[in-house]
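**Q** First the structure, then my questions, so here it is.
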Amino acid sequence: MQAHPVVEAIPPVGRGTALDAQAELEPLSWAEAERRLNTDASCWLATVRPDGAPHVAPLFAVWSESRVYVCSKDTTRKSRNLIADGRCVVTTDVDAAHVIVEGRGLRVSDEDTLRRTSDAFAAVYGWPTTVAGELLDAPFGAPTSGGPPYAVFEIAPETAFAFPMEGTFLPTRWRFT
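Under this note's numbering, think of the first position of the sequence shown as 6, with each following residue one higher.
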């Protein structure tokens, strides 16, 4: 994967979308999108059910080394969906921007990746996880998570978007190759 994705502005078109003519807005920088992806904000993961229907659930997500990492009890719907069909979307909104990453998730179990993911969760959320074999263990989890230990999924981005809630930047798309 390239170090920086290809960036493009998404032009505002259509009735009611005109921007202030005096505002000279630029697309959001990828560095700013990465910062927003590593903030302790609420994140949502959309996956594909076996019948093709969507499934969405809240969870912790972190950006590390050009990938999004999420963890989930291996028996949950989102984990089973990712194992069967890795297509997924992670979304968050931080600092007046909606950030969306579309990609493919793959279960990871090597100790180095699990350790980096554990460190990232601690740095972003203050969530103390530890590597336990091929999983991450923790003293606690979300009430709806099924409880630890958790499988870790690495999501390789294919396309990402940022949409401003206020007129601070142009709607932006990034393409990864």
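C-beta atoms are modelled at their ideal positions from N, C-alpha and C, and glycine is treated no differently.
Please determine if the segment 131-147 and the segment 89-104 are in contact, where contact requires at least 3 C-beta pairs separated by less than 8 Å.
**A** no
**Q** When you compare only the Cα positions, how much space is there between N43 and R180?
**A** 19 Å
**Q** Does the contact criterion of 3 or more C-beta pairs under 8 Å hold for the segment 113-120 versus the segment 79-86?
**A** Cβ pair count under 8 Å is below three, so no.
**Q** Keeping to the same chain, check which residues put their C-beta closer than 7 Å to that of I105; ignore five residues upstream and five downstream.
**A** V94, T96, A165, F166
**Q** Among E171, F168, G152, which residue has its Cα nearest to the Cα of D79?
**A** G152
**Q** Looking only at DSSP bridge pairs, what is I160 linked to?
**A** V73, G110
**Q** Quick check on the DSSP output: what are the complete alpha helix (DSSP H) runs of length 4 or more inside the segment 83-143, in order along the chain?
**A** 116-130
**Q** How would you label P10, buried or exposed, when you count the other beta carbons within 10 angstroms and need 16 or more for buried?
**A** buried
**Q** Below 8 Å on the Cβ atoms is my guess for P176 versus F168; work out the distance and round it to an integer in Å.
**A** 5 Å
**Q** Only counting the same chain, and skipping five residues up and downstream in sequence, which positions put a Cβ closer than 7 Å to that of W35?
**A** Result list for W35: H9, P10, V12, W179, in chain order.
**Q** Can you give the Cα-Cα distance for T173 and A156, rounded to whole angstroms?
**A** 37 Å
**Q** Taking the CB atoms as reference points, tell me whether L33 and A101 lie closer together than 8 Å.
**A** no
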